[in-house]
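To start, the structure under review is shown below, and the notes come after it.
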Amino acid sequence: MALPTSTFDARQLTIALPKGRMQQQALALLAQIGYGRDAADPNDDDAARRLIIAGAAGRVSYLLAKPGDVPIYVEYGVADLGVVGEDVLAESGRDVYEPLRLPFGHCRLVVAGWAERPSRPLRLESNPRVATKYPNLARAYFQGRGISAEIIALSGSVELAPVVGLADLIVDLVETGNTLRAHGLVELRTILESQACLIANRASYRLKAASMTDLLERLRSAIQPTDL
Ligand code: PRP
9 MALPTSTFDA RQLTIALPKG RMQQQALALL AQIGYGRDAA DPNDDDAARR
59 LIIAGAAGRV SYLLAKPGDV PIYVEYGVAD LGVVGEDVLA ESGRDVYEPL
109 RLPFGHCRLV VAGWAERPSR PLRLESNPRV ATKYPNLARA YFQGRGISAE
159 IIALSGSVEL APVVGLADLI VDLVETGNTL RAHGLVELRT ILESQACLIA
209 NRASYRLKAA SMTDLLERLR SAIQPTDL
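Residue numbers (our numbering): 9 to 236.
Below you can see the structure in the form of structure tokens.
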């Protein structure tokens, strides 16, 4: 399935969804409000591998993107809307509109270190090496506290870094805390609380106002404040 590129149709929405943890929750919420994915063509052997899927009886195209890339698709207007974690959005620094928080993807971005680390303030750390998938947020956090940290950007499995001596501290996401505990690490500071949010391209938000409003109103009615 290719995206329609030649004609502008204000009724047609393209929505970027994050592959992985939040994908199923996002699709389930969208199905609940009448924007579910359409059944795949039974003759399509590649259906499970498709990165563009249709929904809402063809009125929506879903792009399945890496979470960190969702804000890029939305800022450039390739997608009108996107679902992304607030942590990923903050790290990206992309200029998008954020109309709505969604009731899943709750976690926090923390500074963590060894459980048996001497209890001294972070500001007394001398040039700590900090491993993270969030180099921009980590750099801003340490700079904001006057700590000259060496930020080491990793792609994942960040808890490995202190265990093998690559870093003194990590800045990483915590959901249950199990991964930290399993590696003898503890939370030292919280940088930000995060959950999923809906983001919108600023131009699409005006040009496709009717379609956007329909989807947003349905989402707002489906989400109870207590779910957030
Ligand atoms: C995330 C995060 C932690 C873990 C936290 O990693 O970076 O490693 O989940 O979850 P917990 O608090 O419930 O244990 P993810 O599974 O996304 O994999 P990655 O490290 O390879 O990015």
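By construction, the Cβ of each residue, glycine as well, lies at the ideal position given by its N, Cα and C atoms.
Helix, strand or coil for residue i per DSSP?
i, result
"D95", "helix"
"I61", "strand"
"I41", "coil"
"S229", "helix"
"R137", "strand"
"L22", "Looking at the sequence provided, one finds Thr at residue 22 rather than Leu. Of the three classes helix, strand and coil, the one that applies to T22 here is strand, per DSSP."
"E106", "strand"
"D77", "helix"
"L168", "helix"
"T242", "Any question about residue 242 goes unanswered here, given that the chain covers just 9 to 236."
"E158", "strand"
"V86", "coil"
"S212", "helix"
"Y70", "strand"
"D235", "helix"
"L132", "helix"
"G101", "coil"
Out of the options, state which residue places its alpha-carbon closest to the alpha-carbon of residue i.
i, options, result
"D103", "T198, V171 and V82", "V82"
"Q32", "D49, G76, L21 and Y70", "Y70"
"L25", "A175, I80 and A190", "I80"
"N135", "L37, D180 and I159", "I159"
"Y84", "A208, T184, E195 and V92", "A208"
"A123", "A34, L193 and I231", "L193"
Ordered along the chain, which non-local residues of its own chain (more than five positions away) have a Cβ less than 6 Å from that of residue i?
i, result
"T198", "R116 and V118"
"D235", "P111"
"F150", "A157"
Suppose the cutoff is 7 Å on Cβ atoms and the five residues either side in sequence are ignored; what does the same chain contact list for residue i look like?
i, result
"Y213", "Y105 and M220"
"L224", "P107 and L108"
"Y5", "Outside the shown range of the chain (9 to 236) lies residue 5, about which nothing can therefore be said."
"A139", "I160, L162, V166, A169, L174, A175 and I178"
"K216", "A18, L21 and D88"
For a quick check, are the C-beta atoms of residue i and residue j less than 8 Å apart?
i, j, result
"A120", "L188", "yes"
"L145", "E99", "yes"
"M30", "G113", "yes"
"R45", "I60", "no"
"G66", "V96", "no"
"K27", "A73", "yes"
For residue i, which residues of its own chain have a beta-carbon under 8 Å away from its beta-carbon, when the five flanking residues on both sides are left out?
i, result
"R228", "L108"
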